[in-house]
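Down below is the structure, laid out as C-alpha cells.
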Amino acid sequence: MVRYITPILATVVGIIMLISAINLPKSNLGNPNGPMYFPLLIASILIISGIVYFYQEFKARGNDFADFRALRIGKSPLYLLVSLILMLIYTVLFERIGFLYSTILFLAGLLFLLNGRKKWMSNIIIAVVFSFVTWYAFGTLLQVSLP
Amino acid sequence: MGIDVQAILDGFLTTIQPMNLFWIALGGFLGTVVGMLPGLGPATAIALLIPITFGMEPTSALILMAAIYYGAMYGGSRSSILLNTPGDGSAIAATFDGYPMAQKGQAGQALAISAIASLIGGLIAVVGFIVLAKPLASFALRFGPAEYFLLMVFTLSAIVALAKGQMVKGFISMCIGLMISTVGIDLQTGVYRFTMGNVHLSEGIDFLVVIIGIYAVGEVLYNFLSINKPVGEKKSVGKIWITKEQWKRSKWPIIRNGPIGFLIGVLPGAGGAIASMLSYSLEKQVSKHPEEFGEGAIEGLAAPESSNNAAAVGAFIPMLAMGIPGSGTTAVILGAIVMLGLKPGPLLFENNPDMVWTFINSMFIGNLFLVILNIALVGILVKILDTPPRVLYPVIMMLAFIGTYTLGYSTVDFLILIIFGFVGLFMKMLNFPVAPLILAVIVGSDMEQNFRMSLISYPNAIGILTASPITIALVIMTIVSLGLPFLSSWLKKRKAQKNNSEAM
C-alpha cells in the first residue's frame, strides 16, 4: 500500500490546486482570468502525471517496494526525528535568545546525536568554536545583522 | 561577427586585480572542500555559500560563484577517486576507473590526471565559450515572449526526459517547482495567489530558500541514512604526477572529449553527468584495450574528467546568453545572479560586456589555480577528507540556516527551509529527479509572464506555437525530446526480442 502514497498525494495536490485556481479572485486589470491560466495548466499536468504514476505503481505491485525501507533501518529514524525536533527548536529560539546561544545549542544537539555522547568534549568545542566563527564572519566581516 | 579582442583583454585585466584573484582562490578552496564531502556536490556548495556573495559587487560575486562551482567539481573527483563516493552525477564516471587506480596504489597519478584533464577540458571549453556565446546572445535578441515561453518549455521537457525511465516523476517534480513559483502576488494584476492568508507568503516563496532546503538540508538528511556505513578504504596517495606513458595514453582522450563535453553542456537539460558518461563509453568503444576499463585504465578517468569540466563551462552559455539554465547547478547560480540584481539574457552581453568577459577570463585563471591547489596542497586536502562527515554535516546544516536567515531576516523562512529539506529527502528516497523542480522554481515566474504576454499577442495556443520559425523549431524539439526516451526503450525491446528469437 505504501507505494500508492506518493501518486495519490500528487493527484490530490493537483486537484486542490485546480479547485483553488478556479476560485482565484478575478482580476480588475486586463484579462479577468489572467491569474488563473498558468496554475490551471500546472494543475492539469500534475493530475495527469499523478494518475499515470499511480498506474505505473499498480503495474509494478508485484515487485518489492524498498524506497522507504531506509527509514526503518538502524538509527535512521532516530536521526531524522531528532534532527527535525532540533530544527524546530532552533527556529523558535533563534530570534528569542539570539544567534549565538541558539546556534551553539543547535550544533551541540546535532553533534551529540551524530557523533555520540562519548565525544562530548570535542562536540562542545566544535559547537562553540564554529558558532563563534560564523557569528564573527557574518556579523563583522560580511556585515549581516544577526539577532 | 568578430571576436572583440579589446574586450577580452580588458576582462583579463579586471580578473587579475588582487581582489578578484582572492575571490577565485577563496571560492576554489571552499568549493573543493564542500565538493569533497561524500554525497555533496557543486549545487550544494553554491547553495550554501550564496550568502557570502551578498553585498559583493556583481562581477566579483559571479567570479566567486564560478570558482566555487569548479572547485566543487575538482573536489568531487577527489572523493570519487579516493573514497569511491561521488558527490553528484557528473563525478560518477570518475569512480569507474579512478577508484580502481587508487586501489592499485596509483592514487597520486589518478589525482594528477584528473586535475590535468579537468584543466585542459575547461580551457577547450573556454575557447568554445568565446566563440559561441556572443553569436548565441545576438540570436536570442530575436526571441519574443512566445519564443521564450517555448524555450523554457523545451528546457523543462528536456530535463524531465533525461530523468531516466522516470519521466512521470520528472513531471511531478517540475509541477511542484512551478507551483511554488506561482505563490504570492501576481505580478501583472496584483491578485493574491495561494498565500493561505499568510502575509509572509504574499511576497512569494524565495526560490533560494527552496534551493538551500533541497540541496543542503535535504542532502545532509539523506546522508544521515548512510552515515554509519563504512566508506571505501583510502590508500596512501603517493607521488602526485603522471608518467610519460600515462600521458601518452590519456592525451588524445582528454583533447577529444573536451569539445564533446562542451557541446553537451550547452544543450539545455544535459550537463556534466551525461557528458562524462557519454565520454566514458565513447572512450571505451574506441580504446584498443577496452578490457582494462573499470580496472583502472587511465584514459577511462581522463576522458570523463575532461568532459564534465568542459560541460560545466558550456552550461554557462545558455544561462548567461539567454537566461535559461541547463542544469540544476546552473539554475542555482542563475538564482544567485538574479538576487544580485543582474538580468542574464542577450542584453547582458550588450549592457555589461565588461562583466561577461571578466567572468570568462576568471574561468581561465580559476582552472589554472585549481590545478595548482590540487597538486600542491593535496596533502592538506586529503586530510580534510579524513574529517568525519558526522562532524561536518551539522556544520553544513547550521550554515544552511544562517544562509536562509540572511535572505529575508525572518524565521518563517526556517519553516520553509525545513519543509523543503524533508521534501528533498523524500524525493531522493523515492528516486525523484530534483533538477526539474529547481529549474522550474527559477524560471517559473518568467515562464508565466512570457506565457501571458504571448496570450495577448496571439489569440490562441496554436497561434503561439506557430508564431515564428523559431517557435515551430522549439515545438518540434520539445516533442522529440519527450518522445526520445520512448523510442529508445522501444528499440531496445525490439532488439531484445530479435536476440531472443535468434537464440531460439
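Chains A and B supply the protein sequences, listed in that same order.
Under the UniProt record's numbering, the first residue of the first sequence carries the number 1, and numbering increases by one thereafter.
Under the UniProt record's numbering, the first residue of the second sequence carries the number 1, and numbering increases by one thereafter.
Positions of the beta carbon are idealized from the N, C-alpha and C atoms, including for glycine.
query: Measure the CB-CB distance between B:Ser468 and B:Glu147 and report whether it falls below 8 Å.; result: yes
query: Starting from the beta carbon of A:Lys118, find every residue of chain B whose beta carbon is closer than 7 Å, and list them in chain order.; result: By Cβ distance, chain B contributes nothing, its closest Cβ being about 12 Å from A:Lys118, past 7 Å.
query: Determine contact between the segment 52-72 of chain B and the segment 103-111 of chain B, defined as no fewer than three beta-carbon pairs at a distance below 8 Å.; result: no
query: For B:Thr195 and B:Phe154, I'd like the C-alpha separation in whole angstroms.; result: 29 Å
query: Rounded to the nearest angstrom, how far is the Cβ of B:Met398 from that of A:Phe132, given a contact under 8 Å?; result: Not quite, the Cβ-Cβ distance comes to about 12 Å (not below 8 Å), so this is no contact.
query: Can you name the residues of chain A whose CB is closer than 9 Å to the CB of B:Asn431?; result: Asp67
query: Counting C-beta neighbours from all protein chains within 10 Å, is the total for B:Trp490 16 or more, i.e. buried, or is it exposed?; result: exposed
query: What's the gap between the Cα of A:Leu113 and the Cα of A:Ile85?; result: 12 Å
query: Find the nearest neighbour of B:Lys104 within the set B:Ile298, B:Met339, B:Leu437 and B:Val391, judged by alpha-carbon distance.; result: B:Ile298
query: Mind pulling the chain A residues with CB within less than 7 Å of B:Leu415?; result: Thr91
query: Pair every Cβ in the segment 401-416 of chain B with every Cβ in the segment 45-55 of chain B, then say whether three or more of these pairs are closer than 8 Å.; result: yes
query: Starting from the Cα of B:Ser327, find the closest Cα among B:Leu162, B:Leu208 and B:Lys343 and give me that residue.; result: B:Leu162
query: With distance defined between alpha-carbon atoms, name the residue in B:Leu64, B:Met36 and B:Ala66 nearest to B:Ser80.; result: B:Met36
query: Looking at the structure shown, is B:Tyr192 part of a helix, part of a strand, or coil, going by DSSP?; result: strand
query: Can you tell which of B:Gly190, B:Val210, B:Ala94 and B:Ile360 has the C-alpha that lies nearest to the C-alpha of A:Gly30?; result: B:Gly190
query: Are B:Gly272 and B:Pro436 touching if we call contact CB-CB under 8 Å?; result: no
query: List the endpoints of the continuous alpha helix (DSSP H) containing B:Asp97.; result: Ile92 to Met101
query: Do we get a CB-CB distance below 8 Å when we pair A:Ala60 with the residues of chain B?; result: no
query: Is B:Gly31 a contact residue of the ligand MG, with contact defined as CB to any heavy atom under 7 Å?; result: The ligand MG is absent from the structure shown, which contains no ligand whatsoever.
query: Can you tell me the Cα-Cα spacing of A:Gly34 and A:Ile124, whole angstroms?; result: 55 Å
query: Between A:Phe132 and chain B, is any beta-carbon pair separated by less than 8 Å?; result: no
query: Contact between the segment 427-446 of chain B and the segment 206-224 of chain B: three or more CB pairs below 8 Å?; result: yes
query: Would you kindly report the start and end of the unbroken alpha helix (DSSP H) that includes B:Gly335?; result: Gly328 to Met339
query: Per DSSP, which residues does B:Gly184 bridge with? Please list them.; result: B:Arg193
query: Is DSSP giving B:Met56 helix, strand or coil here?; result: coil
query: Does the beta-carbon distance from B:Thr329 to B:Tyr69 come in below 8 Å?; result: yes
query: Is B:Ile254 near B:Val33, with beta carbons less than 8 Å apart?; result: no
query: Given that A:Val52 touches chain B, what residues does it touch there, using C-beta distances under 8 Å?; result: Val168
query: Using the Cα positions of B:Pro268 and B:Glu245, report the straight-line distance between them to the nearest angstrom.; result: 37 Å
query: Along the chain, where does the alpha helix (DSSP H) that runs through A:Phe106 open and close?; result: Phe99 to Asn115
query: Chain B beta carbons: is any one of them nearer than 8 Å to that of A:Leu105?; result: no
query: Check whether the Cβ of B:Pro394 lies closer than 8 Å to any Cβ atom in chain A.; result: yes
query: Counting only the same chain and skipping the five closest in sequence on each side, list residues whose C-beta sits under 8 Å from that of B:Lys284.; result: Pro290, Phe293 and Gly300
query: Give me, in chain order, the residues of the same chain whose beta-carbon lies closer than 7 Å to that of B:Phe414; leave out the 5 immediate sequence neighbours on both sides.; result: Phe401 and Thr404
query: Under 8 Å between beta-carbons, which chain A residues line up against B:Glu448? List them in chain order, please.; result: Phe38
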